[in-house]
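S.K.:
Residue numbers (the UniProt record's numbering): 1 to 140.
1. State the beta-bridge partners of residue 27 as determined by DSSP.
2. Report the rounded CA-to-CA distance for residue 16 versus residue 81, giving the unit in angstroms.
3. If residue 45 and residue 37 are in contact, beta carbons under 8 Å, what's the gap, nearest whole angstrom?
4. Helix, strand or coil for residue 2, going by three-state DSSP, please let me know.
5. Opposite residue 55 in the DSSP bridges: which residues?
6. Judging by CA-CA distance, which residue of 14, 78 and 84 is the nearest neighbour of residue 2?
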């Protein structure tokens with residue numbers, strides 16, 4: 001799920017209503033060129049997401065506190081929420097996650113020493129997402 005706080009922060013730092021790098025690009029409509037959002041319309045903030053050579057699609061900002069409130073309204077709770085960048089760095093110490101990253105091709109040829117692992121440009125978009133572990137139903 002896109003990390004609304006990171007996306008809004010990067011939008012605020014950008015010169016116009018768009019930002020990205022050689023791998024991904026996020027473009028907001030002109031209505032958001034002033035970089036102001038109505039708190040009365042939290043589900044009406046959309047943008048176009050482009051992943052180079054893969055996809056161009058509309059996405060919407062969903063603030064995690066609103067997502068959590070909606071889940072609780074239906075007797076669900078988030079197991080955990082963490083920025084994907086933090087999640088990957090913490091889990092790169094676990095062999096099963098390293099193996100998964102290798103199979104996904106995220107670690108190059110797999111021969112690199114991971115002790116000083118850092119995110120190249122191609123992985124910077126991971127910072128834009130929130131990792132969460134499903135929803136547990138509170139009562140049946």
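In this text, a Cβ means the ideal position worked out from N, Cα and C, and glycines have one as well.
M.R.: According to the structure shown:
1. 18 and 48
2. 30 Å
3. 5 Å
4. strand
5. 51
6. 84
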